[in-house]
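This note's numbering runs 2 ahead of the 1-based position in the sequence shown. Note that CB positions come from ideal geometry on N, CA and C, so glycine has one too. One structure is given here, and the rest of the page talks about it.
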Amino acid sequence: TLQTNKVKQALEWADLIHSLDRPSLLQELVKQAERRGRPVDALVQVNVSGEASKHGLPPGDLEPFLRQVAQQRWVRVRGLMTMAPLSDNPEDARPHFRRLRELRDQMQALGLEGVTMEHLSMGMSGDYEVAVEEGATLVRVGTAIFGPRD
């Protein structure tokens, strides 16, 4: 998750914030985007698994949060992101990825200003194939590319 005190630094390098997950972060992104004079693109992180160890909005909070985003012009939501529970079986992630896709479809149907849903960021090295089957447009495959961490 992105700490609010790191937003200014992150915006110097990032084209897309992948972990918008709370109103305080939204407000800091708005503040920094306004200061810079250009909008920020972000993905809203949703905790579809309900795991306490995962960050993200509970699914039931997503629509009110997106309505809050739509009331300002400096942060544009480009999609959703989630982290599935860790498992040795990639199929265990499928219901979580499917749930995020369903949420995306529901939120897209609202037609909110500044909220488009072209991206679904989900899946890592162990389950990215399942994620792509469920509609992922962005995957995190660091281990598959760089190998395990030391």
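Residue i - DSSP class collapsed to helix/strand/coil
i, result
"Arg38", "helix"
"Glu14", "helix"
"Val141", "strand"
"Gln108", "helix"
"Leu82", "strand"
"His1", "No statement about residue 1 is possible, as the shown extent of the chain runs from 3 to 152 and does not include it."
"His57", "coil"
CA-to-CA distance, residue j to residue i, given in whole angstroms
i, j, result
"Pro87", "Glu93", "11 Å"
"Gly144", "Arg151", "9 Å"
"Phe148", "Arg106", "30 Å"
"Val42", "Asp17", "8 Å"
"Gly52", "Ser26", "21 Å"
"Val141", "Leu4", "18 Å"
Which listed residue (the options) has its alpha carbon closest to that of residue i
i, options, result
"Met109", "Val141, Phe67, His98", "Phe67"
"Leu31", "Phe99, Ser51, Lys8, Leu64", "Lys8"
"Leu28", "Thr6, Leu13, Asn49", "Thr6"
"Val79", "Ala111, Arg103, Glu120", "Glu120"
"Val50", "Phe99, Leu122, Gly137", "Phe99"
"Arg24", "Glu104, Asp63, Ala12", "Asp63"
Beta-carbon contacts of residue i that lie in its chain and below 7 Å, excluding the five residues immediately before and after
i, result
"Lys10", "Gln34"
"Met85", "Lys56"
"Arg96", "Val132, Glu136"
"Glu36", "Trp76"
Problem - the region 53-71 / the region 125-134 touching (three or more Cβ pairs under 8 Å) - result: no
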